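Q: Residue numbers (full-length UniProt numbering): 1 to 266. For each residue, glycine too, the CB sits at the ideal point set by N, CA and C. This one's a predicted model, so the numbers in the text were calculated from it and none came from an experiment.
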């Protein structure tokens, strides 16, 4: 009986000693969490979109807490999140630039023509690898919705073969921009009205016109009519510099195919 009791006491003693050692080591090895990091992280919407320039919300929260990043870089969170972060850090939030995505293609089923019927994997990347998809234009919207699946806010849809952005739902996170194989999506400043060429086709005008009624044909009429020289040509394609554009609308009226349109500010 004594032997059994002694055994129990030894095991109990060893267990108690092990527990004390574990507690001691846990205190020694404890990684102290920064309360500011946690509070900033809770203020962020959790999109992990990378629009702030960091790998995700966790990395951005650490940078803000350390004073290495401004608190107004979270585009999806907008002004509300910036103000919350300012309250946590005690630093001024500054203005948050409102950005929205635009699709540089208007070649829907009413304006462009098909060269085949693609029946493979229904993604833009897959279709693009198979003779650049259904449409005659090699640089147009492929219409399989890779951008739609990338958007966490339901701001994108495919309508009549072309991706369309709902400006009210778009947060400007840029996830869709990264997914488009033809690089048709771009983020623009939603606070400044400007003209944009909604086309990415670099083919010569005659070839473009055969495939799409609303593509840029490189006629340069827009460039010649612009009073501030905000438009230049890049390989048969007109490009508008929004920083220079004064939104006079002259290029829009001059474009024979309607490839240029105004992106209105709120």
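#1: Please identify the residue among 226, 235, 171, 214 whose C-alpha is closest to the C-alpha of residue 113.
#2: With 16 other CB atoms within 10 Å as the buried threshold, where does residue 227 fall?
#3: For residue 165, name the three-state secondary structure that DSSP assigns.
#4: With burial defined as no fewer than 16 other Cβ atoms inside 10 Å of the residue's Cβ, what is the status of residue 117: buried or exposed?
#5: Hey, how far is the Cα of residue 126 from the Cα of residue 132?
#6: Buried or exposed for residue 70, please, with buried defined as at least 16 other CB atoms from any protein chain shown within 10 angstroms of its CB.
#7: From what residue to what residue does the alpha helix (DSSP H) around residue 234 run?
#8: Rounded to whole angstroms, what's the CA-CA distance from residue 193 to residue 217? Just pull it up for me.
#9: Tell me the rounded alpha-carbon separation between residue 160 and residue 109.
#10: Suppose contacts are defined by Cβ-Cβ distances below 8 Å. Is residue 49 in contact with residue 170 by that definition?
#11: Could you name the residues that DSSP lists as bridge partners for residue 101?
#12: Say whether chain D places a C-beta atom closer than 8 Å to the C-beta of residue 219.
#13: Which residues mark the beginning and the end of the alpha helix (DSSP H) in which residue 60 is found?
#14: Which class does residue 226 belong to by DSSP, given the choice of helix, strand or coil?
#15: Span of the alpha helix (DSSP H) holding residue 149?
#16: Do residue 259 and residue 162 have their C-beta atoms closer together than 8 Å?
A: Taking the geometry as given:
#1: Here residue 113 refers to the residue found at position 113 of the chain shown. With distances taken between Cα atoms, residue 113 lies closest to 214.
#2: If you number the chain shown from 1, residue 227 lands on position 227. Counting Cβ neighbours within 10 Å, residue 227 comes out exposed, since fewer than 16 surround it.
#3: One-based indexing of the chain shown puts residue 165 at position 165. It is a strand residue.
#4: Mapped onto the chain shown, residue 117 falls at position 117. Exposed, since its Cβ has fewer than 16 Cβ neighbours within 10 Å.
#5: If you number the chain shown from 1, residue 126 lands on position 126. If you number the chain shown from 1, residue 132 lands on position 132. Going from the Cα of residue 126 to the Cα of residue 132 covers about 9 Å.
#6: The count along the chain shown starts at 1 and reaches residue 70 at position 70. Label assigned to residue 70: buried.
#7: Taking the chain shown and counting its residues from 1, one reaches residue 234 at position 234. Run containing residue 234: none in the alpha helix (DSSP H); it sits in the beta strand (DSSP E), 231-234.
#8: In the chain shown, the residue the question calls residue 193 occupies position 193. In the chain shown, the residue the question calls residue 217 occupies position 217. For residue 193 and residue 217, the distance between alpha carbons rounds to 24 Å.
#9: As a position in the chain shown, residue 160 is number 160, starting the count at 1. As a position in the chain shown, residue 109 is number 109, starting the count at 1. Each residue's Cα considered, the two are about 6 Å apart.
#10: Position 49 of the chain shown, counted from the start, is the residue given in the question as residue 49. Position 170 of the chain shown, counted from the start, is the residue given in the question as residue 170. With respect to the 8 Å criterion, residue 49 and residue 170 are not classified as neighbours on the basis of their beta carbons.
#11: Locating residue 101 in the chain shown gives position 101, counting from the first residue. Per DSSP, 187.
#12: Here chain D cannot be found, since the structure has a single protein chain.
#13: On the chain shown, position 60 is the one that residue 60 refers to. Per DSSP, residue 60 belongs to the alpha helix (DSSP H) from 57-65.
#14: Translated into positions along the chain shown, residue 226 becomes position 226. Looking at residue 226 - three-state DSSP - the assignment turns out to be coil, as it is neither helix nor strand.
#15: On the chain shown, position 149 is the one that residue 149 refers to. Unbroken alpha helix (DSSP H) run through residue 149: 146-150.
#16: Position 259 of the chain shown holds residue 259. Position 162 of the chain shown holds residue 162. Contact: no.
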